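Residues 1 to 106, numbered by the numbering used here, are exactly what the sequence shown covers, in order.
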Amino acid sequence: MIQMIFLQISNIGNMVLIPLMFLVLYLFMIRPQMQKQKKEKQFQTTIKKGSRVVMTSGIHGKIVDLIDSDNTCVIETSAGKIKFERSAISMELSKKYLPKEVKKKK
Numbered sequence: 001m002i003q004m005i006f007l008q009i010s011n012i013g014n015m016v017l018i019p020l021m022f023l024v025l026y027l028f029m030i031r032p033q034m035q036k037q038k039k040e041k042q043f044q045t046t047i048k049k050g051s052r053v054v055m056t057s058g059i060h061g062k063i064v065d066l067i068d069s070d071n072t073c074v075i076e077t078s079a080g081k082i083k084f085e086r087s088a089i090s091m092e093l094s095k096k097y098l099p100k101e102v103k104k105k106k
């Protein structure tokens with residue numbers, strides 16, 4: 001009798017444990033990744049000409065042209081102009097992160 005009660009309690013515990021594991025997986029892994037992707041997409045759509053950006057490859061440059069038809073942009077670097085996908089833009093360099101020498105030139 002006692003063994004049957006213990007087995008029933010054990011089965012109920014297993015049934016609760018599996019959905020709890022999926023909930024933890026969602027809250028700590030899936031949801032933050034979805035939020036990060038949403039922010040990146042929003043950033044890529046709000047980027048403007050003249051913004052100083054850093055590419056995922058580490059190239060620094062200024063956006064010269066945005067081409068909506070094929071979702072690309074032209075970046076001006078010290079080596080010349082290069083065409084990139086918008087998804088390759090990693091971050092925007094704001095004025096507070098630029099060196100003082102670059103701020104004075106503007």
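Ideal placement from N, C-alpha and C gives every residue a C-beta, glycine not left out. Predicted, not measured: the structure shown is a model, and the values here were computed from it.
Residue j and residue i - do their beta-carbons sit closer together than 8 Å?
i	j	result
V54	D65	no
K81	I63	no
T172	R52	Residue 172 falls outside the range modelled here, since the chain spans only 1 to 106, and no answer is possible.
S90	T46	no
Got a sec, what are the start and stop residues for the alpha helix (DSSP H) residue i sits in?
i	result
R31	31-46
Assign residue i to buried or exposed, taking buried as 16 or more other Cβ atoms, counted over all protein chains shown, within 10 Å of its Cβ.
i	result
G58	exposed
I195	This structure leaves residue 195 out entirely; the chain is present only between 1 and 106.
I30	exposed
I18	exposed
I67	exposed
Among the options, which residue has its Cα nearest to the Cα of residue i?
i	options	result
H109	T77, L27, K36, M34	In this structure the chain extends from 1 to 106, so residue 109 is not present and cannot be described.
A88	K41, S69, A79	K41
Give the straight-line distance between the Cα atoms of residue i and residue j, rounded to the nearest whole angstrom.
i	j	result
Q44	F84	12 Å
L27	Q37	15 Å
L93	D70	24 Å
Could you give the first and the last residue of the continuous beta strand (DSSP E) run that contains residue i?
i	result
K81	80-85
K62	60-67
Is the shortest distance between the beta-carbon of residue i and the beta-carbons of chain C less than 8 Å?
i	result
V53	In the displayed structure, chain C is absent; only one protein chain is listed.
Less than 7 Å separating the Cβ of residue i from some heavy atom of the ligand ATP?
i	result
T46	Of the ligands one can find in the structure shown there are none, so the ligand ATP has no counterpart to examine.
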